[in-house]
Amino acid sequence: MEAGDEKAVAQEGQFEIVSINVSAGVGTRKDPVDGVELRMDHGIVGDAHARNWHRQVSMLADEDVESMRGKGVDLDPGIFAENITTRGVDLSSLPVGTRLFVGEAMLELTQIGKECHHGCAIFQAVGDCVMPRKGIFAKVIKEGWISRESSCHYRI
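Counting in this note's numbering, the sequence shown runs from 1131 upward without gaps.
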């Protein structure tokens, strides 16, 4: 990106965790928890999406959830099935390969966006869903415990 590009993102920066969310089933809303363990080649212990693949942990910025709230839908963290709801960084502007340091753990950004599953309740209600455009996915490259109070930063 060019120096004058408004979408340019800093090479390093901080962000915070608004909510950590897990679910026992795939395709369901995730519920907030106080903290979780992140495991290499697995993801979040106790989450239905945990397995050895490139989308072990999903993240979505609360700022993007807020943009959907303006469309008249009551949305809480986890409603888009994101594992970690953040504040303070435009996650979708970070390039694949970015390192995310969250608490004791380290993640590597592996994918930006996804296809919205057929029958998405949010899309049916408001005609839009933010996760396919703004959500990111990461794999665990250093294990550790994370909580809402964890220190968080990224490095491109």
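Built from N, CA and C at the ideal position, the CB exists for glycine as well.
Worksheet item: Which parts of the region 1199 to 1286 are runs of the alpha helix (DSSP H), unbroken and 4 residues or longer, counting only runs that do not cross its ends?
Response: 1251 to 1256, 1261 to 1264
Item to complete: Starting from residue 1188, trace the beta strand (DSSP E) both ways and give me its first and last residue.
Response: 1187 to 1191
Practice prompt. Tell me, please, whether the region 1190 to 1208 touches the region 1223 to 1231 by the rule of three or more beta-carbon pairs shorter than 8 Å.
Written response: Look at the beta carbons and you see the region 1190 to 1208 not touching the region 1223 to 1231: under three pairs across the two are nearer than 8 Å.
Fill in: Rounded distance between the beta-carbons of residue 1271 and residue 1170, thought under 8 Å
7 Å
Discussion item. Tell me which residues share the same chain as residue 1140 and place their Cβ nearer than 6 Å to its Cβ, disregarding the 5 neighbours each side in the sequence.
Written reply: none
Fill in: Proximity to residue 1259 [Cα-Cα], best of 1228, 1238, 1275, 1200
1200
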